[in-house]
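Okay, so the sequence shown: first residue is 1 according to full-length UniProt numbering, each after it adds one. Idealized CB from N, CA, C, for every residue including glycine.
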Amino acid sequence: MQVRWLSAFLDFPADVFGSEMTFWRAIAGSTVSPPRGDRREFASLEPFHGDPHLRVQRIDDGPGGVHLDIHTDDPRAAATEALALGATLVSDSGTHLTLTSPAGFVFCLVPWSGESTRSRPIRWPGDAISIIDQLCIDIPHNMFDQEVVFWTRFTGWPGRQRTRPELVALRRDPALTLGILLQRTDDGADDETGALPVATGHLDLATNSVADEVVRHEGWGARAVEHHPHWTTMTDPVGRPYCITSRNPRTGD
């Protein structure tokens, strides 16, 4: 499979769809495309330069979250590869297929529509530069090694250990706006039921000034949860987690 483009999909419950889209549009510095879909449930957050890599969806059930769209020439052939590596097919919608990774992270295989122009970071008042450019997959510790093998083999991108042992970054394709980071969490089996947690995802923003970005996001209703030397963990106005990181906003490194 050749990954032609990556999109992070923010799945919003219907009762917060409008306010959540307003918040993420604002912090991304984007406009919103006309709605599409049978129920007008999809839209893209369109950057001022480049092709969209952030998209939103209104959902009817559940708390929502983040999933990944992988744009490729032949989604069905890609699905065959993913299944052979341990993925599970959830649904076949004709135009796209929904699967879960071995640790349960939801992703879709969709036809490539020619997206090719990487988005540029935005310079804000005060000279902070930022861009939402990374999807972090949060993986229960007992599934981490298997998940790293799955994503490196499926994408064809080798993993690179970060300075922290719980982080593995897939090699970034310089032609794509979005990168993928794999993070091992402390989640384990539920003591009462024995049920295993599944992998989830959150978005990461790269900036040259974490402190300035935190203040800007707080002005839109976000809240800082944890401060670390190189990133701050935030929650958006409805409690969705994401991170503001000190990575290079132009390269993602």
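On the criterion of 16 or more Cβ atoms from any shown chain inside 10 Å, does residue 226 qualify as buried, or is it exposed? Exposed is the call here.
Spell out the partners DSSP gives residue 224 in its beta bridges. BP columns for residue 224 point to 234.
List, from N- to C-terminal side, the beta strand (DSSP E) runs of 3 residues or more that fit wholly inside the UniProt domain "Glyoxalase-like" (14-110). As far as the UniProt domain "Glyoxalase-like" (14-110) is concerned, its whole beta strand (DSSP E) runs of at least 3 residues are 42-46, 54-59, 65-72, 88-92, 97-100.
With burial defined as no fewer than 16 other Cβ atoms inside 10 Å of the residue's Cβ, what is the status of residue 213: buried or exposed? Residue 213 should be labelled buried.
Residue 204, DSSP secondary structure in three states: Secondary structure of residue 204 (DSSP, three-state): strand.
From the DSSP output, which residues share a beta bridge with residue 140? DSSP, once it has assigned bridges, lists 185 as partnering residue 140.
For residue 238 and residue 28, the rounded distance between their alpha carbons: Taking the CA atoms as reference points, residue 28 sits about 17 Å from residue 238.
According to DSSP, is residue 146 part of a helix, a strand, or is it coil? Reduced to three states, the DSSP call for residue 146 is helix.
Of the choices 105, 122, 25, whose alpha-carbon is the least far from that of residue 248? Comparing alpha-carbon positions, the option among 105, 122, 25 lying closest to residue 248 turns out to be 122.
Do you know how far the Cα of residue 219 is from the Cα of residue 8? Approximately 24 Å, taken between the alpha carbons.
Is it true that the CB of residue 111 sits closer than 8 Å to the CB of residue 86? Not a contact, by the Cβ cut-off of 8 Å.
Cβ of residue 199 within 8 Å of Cβ of residue 104? Result yes, Cβ atoms of residue 199 and residue 104 sit closer than 8 Å.
Smallest Cα separation from residue 31: which of 54, 95, 99, 14? Of 54, 95, 99, 14, the residue nearest in Cα terms is 54.
Contact check, residue 70 vs residue 135, beta carbons under 8 Å: No, the Cβ-Cβ distance between residue 70 and residue 135 is not below 8 Å.
C-alpha gap between residue 23 and residue 125, whole angstroms: Approximately 18 Å, taken between the alpha carbons.
Let me know if residue 73 comes out buried or exposed under the rule of 16 or more other beta-carbons within 10 Å of its beta-carbon. With fewer than 16 other CB atoms across the displayed protein chains lying within 10 angstroms of its CB, residue 73 is exposed.
Three-state class that DSSP yields for residue 212 in the structure shown: In this structure, residue 212 counts as helix in the three-state DSSP scheme.
Considering only C-alpha positions, which residue in the set 242, 178, 221 is nearest to residue 250? Among 242, 178, 221, the Cα nearest to that of residue 250 belongs to 178.
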